[in-house]
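In the order they appear, the protein sequences are chains E and D. For what it's worth, our numbering labels the leading residue of the first sequence as 4, then goes sequentially. For what it's worth, our numbering labels the leading residue of the second sequence as 6, then goes sequentially. Every residue, glycine too, gets a C-beta built ideally from N, C-alpha and C. The structure displayed is predicted, hence computed values, not measured ones. One structure is given here, and the rest of the page talks about it.
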Amino acid sequence: MSTLSLSLPDERLRRVLSGPTLWALLAVAAVILPAALGPYWAFVIGQAAVVSIIVLSLTLLTGFAGQISLAQSAFVGAGAYTCAQLALRLGWNMFEALPVAVAVGFFLGVLVGIPALRLRGIYLAISTLGLAVVADRLVFQLPQLGGLNGLSLTRPRGPVDLTSNLAMAYACLALLLILLLTLWRLRDGRTGWWLQAIRDDERAAEIAGVDVALYKLLVFGYSGAAAALGGALLGYLSLHLNPLDFNALSSVSYLALVVVVGRRSLAGALAGGALWVVIPQVAEGISRSASQALPIALPLLLVVGVFFTSGRFKLREALRLGTA
Amino acid sequence: MGLLRAEAVTVRFGTVVALDAVSLEVNPGELVGLVGPNGAGKSVLLDVLSGLLRPESGRVYLEDKDITPAPAFWRPWHGLTRTFQEGRSFDSLPVELNVAAAACVRGGGFLSDALSLPWSMRSNDESLRRARSALELVDGAHLWGSPMAELKGGDRRRVELARAICSRPRALLLDEPGAGLEADALDLPRLLLRLRDELGMGVLLVEHDPALVFGVCDFVYALDTGTVVASGLPDDVRAHPEVRRSYLGVA
Numbered sequence: 004m005s006t007l008s009l010s011l012p013d014e015r016l017r018r019v020l021s022g023p024t025l026w027a028l029l030a031v032a033a034v035i036l037p038a039a040l041g042p043y044w045a046f047v048i049g050q051a052a053v054v055s056i057i058v059l060s061l062t063l064l065t066g067f068a069g070q071i072s073l074a075q076s077a078f079v080g081a082g083a084y085t086c087a088q089l090a091l092r093l094g095w096n097m098f099e100a101l102p103v104a105v106a107v108g109f110f111l112g113v114l115v116g117i118p119a120l121r122l123r124g125i126y127l128a129i130s131t132l133g134l135a136v137v138a139d140r141l142v143f144q145l146p147q148l149g150g151l152n153g154l155s156l157t158r159p160r161g162p163v164d165l166t167s168n169l170a171m172a173y174a175c176l177a178l179l180l181i182l183l184l185t186l187w188r189l190r191d192g193r194t195g196w197w198l199q200a201i202r203d204d205e206r207a208a209e210i211a212g213v214d215v216a217l218y219k220l221l222v223f224g225y226s227g228a229a230a231a232l233g234g235a236l237l238g239y240l241s242l243h244l245n246p247l248d249f250n251a252l253s254s255v256s257y258l259a260l261v262v263v264v265g266r267r268s269l270a271g272a273l274a275g276g277a278l279w280v281v282i283p284q285v286a287e288g289i290s291r292s293a294s295q296a297l298p299i300a301l302p303l304l305l306v307v308g309v310f311f312t313s314g315r316f317k318l319r320e321a322l323r324l325g326t327a
Numbered sequence: 006m007g008l009l010r011a012e013a014v015t016v017r018f019g020t021v022v023a024l025d026a027v028s029l030e031v032n033p034g035e036l037v038g039l040v041g042p043n044g045a046g047k048s049v050l051l052d053v054l055s056g057l058l059r060p061e062s063g064r065v066y067l068e069d070k071d072i073t074p075a076p077a078f079w080r081p082w083h084g085l086t087r088t089f090q091e092g093r094s095f096d097s098l099p100v101e102l103n104v105a106a107a108a109c110v111r112g113g114g115f116l117s118d119a120l121s122l123p124w125s126m127r128s129n130d131e132s133l134r135r136a137r138s139a140l141e142l143v144d145g146a147h148l149w150g151s152p153m154a155e156l157k158g159g160d161r162r163r164v165e166l167a168r169a170i171c172s173r174p175r176a177l178l179l180d181e182p183g184a185g186l187e188a189d190a191l192d193l194p195r196l197l198l199r200l201r202d203e204l205g206m207g208v209l210l211v212e213h214d215p216a217l218v219f220g221v222c223d224f225v226y227a228l229d230t231g232t233v234v235a236s237g238l239p240d241d242v243r244a245h246p247e248v249r250r251s252y253l254g255v256a
């Protein structure tokens, strides 16, 4: 096979990059890279895993159920602050606090989903953004929650010692893997069929026996839970929370990210998460703020999106997302 | 008695009376036609029966159970489904999932799907199995695996019909299944008789084509401006002066 077709490099590459080969490569990289590159890059890889988790929180919601959420920053922040408060007030470690953070995220997600029963498109976007702004300005900045100085977190020593960046990175990757597995199963099973049915035609979905309201709330809950998981891990990874990390506008970045890398593609979400964190590292040396990466990362991610969507960036579809 | 029954159903949109105390009954294994000119209220009645529209007054019974307050998604799980006049489908799903999504197989849900629990997997498989036999019943087995968005006219109707019978309903509401199709795109008389005779369904057929309605139906209701103006055996209804004037356009 020496004739590498020049006319369709894109198609070829895409096939390789979306098959089992890709997942095998990713798995090997996830095991080897954090250990091989040293503690600093282990930290960066952990961050990439966390951003991927946050992006994946939108894959099912936006990509499959066709709902739009600009409240992800609130879920992310809620996850992080739940853990920090439980540590501060009750002395809970990560293993104890994480399930609570996920549950809080699920509950908030369902709450945000309630307006989605009536609103769609741009109206839903605005109402969810409203929640993100409230969380950002009125909740996360409360003096009782640490105010603008934020809060500190410590990584657990037992039952598994996660104090090193390497161990923490593996923990983030492991949770990313679990999330991926659940997404896979949801996507390929009846829940995935039903969510897509809801996106395509809600009335027809009702007549097909889908409890549209229930599944909308569940998918919002799932999205909130996944984003809160990402936020909690972000807290334990960076050891410090600052309300500015959860500003409402970062929700816009997350949504932009998931649309650009292909809002239905699991691999695209991983690529998005990785590039999001790694690009500014390479470009600026030490920028840890995700929002600063936007101007650099978006064009690059566009290229990635070309591979993971349908071979070309569906601009029209991306724009329609705002109104459909 | 009776599979599906509407009792004195009234629907008003503002000051317009869309349905005025309409009563109707469909028995098991019976093909019932519902005819009338445009705006007579046929589709509104189907919306009420399928739960998409709450009537202002009146009741709907499915096997003598009052289902008036039951939400639309509840009905297919309990033996009542429908198709739409404009032909609705899930265009981002392939044909087989369009159908399987409506299989109404119990067992499994969001959480058990996420965890791939055995009963979820069994429900997936059973849904696909039912989708295959539903597609076969409407002569659409060859469409398995096709992207829905690529199908046209008759095949889209076939898939929608398969979706409506995939849950093996006892009562089926068809809203102009032949609308907008070439005459030979779908062999409707044969399909309708198959649903009635092989599956024993009670079918309520809204149809514009008098030849089809009066040719295959066992019983016919004629609706005009929200009231039943005639009902009975096809020949009797066809001869009714009201029907001749308003529906058949004969003076």
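- As the crow flies, the alpha-carbon of residue 47 of chain D is around 30 Å from that of residue 97 of chain D.
- Assignment of residue 243 of chain E by DSSP, reduced to helix, strand and coil, places it in the strand class.
- Along the segment 92-103 of chain D, the positions whose C-beta sits under 9 Å from a C-beta of chain E are 93, 94, 95, 96, 97, 98, 102, 103, read in chain order.
- Taking a beta-carbon distance threshold of 8 Å, residue 221 of chain E counts as an interface residue toward chain D.
- For residue 28 of chain D, the enclosing beta strand (DSSP E) begins and ends at 21-31.
- For residue 83 of chain E, the enclosing alpha helix (DSSP H) covers residues 75-93.
- In this structure, the alpha-carbon of residue 197 of chain D lies about 26 Å from that of residue 254 of chain D.
- Close to residue 211 of chain E, with beta-carbon spacing below 7 Å, are these residues of chain D in chain order: 81, 106, 107, 168.
- By the beta-carbon neighbour count (other beta carbons within 10 angstroms, threshold 16), residue 172 of chain D is buried.
- Restricting attention to alpha helix (DSSP H) runs no shorter than 4 residues, the segment 33-72 of chain D encloses them at 47-55, ordered along the chain.
- Per DSSP, the beta bridge partners of residue 180 of chain D are D:211.
- Here residue 145 of chain E carries a coil assignment [DSSP, helix/strand/coil].
- The C-beta distance from residue 115 of chain E to residue 134 of chain E rounds to 6 Å, short enough to meet the 8 Å contact threshold.
- For residue 125 of chain D, the enclosing alpha helix (DSSP H) starts and ends at 123-142.
- If you check each beta-carbon in the segment 155-185 of chain E against every beta-carbon of chain D, the ones closer than 7 Å belong to 185.
- The CB of residue 160 of chain D never comes closer than 7 Å to any CB in chain E; the least such distance is about 17 Å.
- In the three-state reduction of the DSSP assignment, residue 155 of chain E falls in the strand class, which pools E and B.
- Beta bridge pairing from DSSP links residue 94 of chain D with no other residue.
- A Cβ of chain E is located within less than 8 Å of the beta carbon of residue 57 of chain D.
- Annotation: residue 101 of chain E to residue 80 of chain D spans about 40 Å, alpha carbon to alpha carbon.
- Less than 8 Å separates the beta-carbon of residue 208 of chain D from that of residue 36 of chain D.
- For the pair residue 169 of chain D and residue 78 of chain D, the Cα-to-Cα distance works out to about 13 Å.
- Where residue 189 of chain D is concerned, there is no enclosing alpha helix (DSSP H), because DSSP gives it neither an H nor an E.
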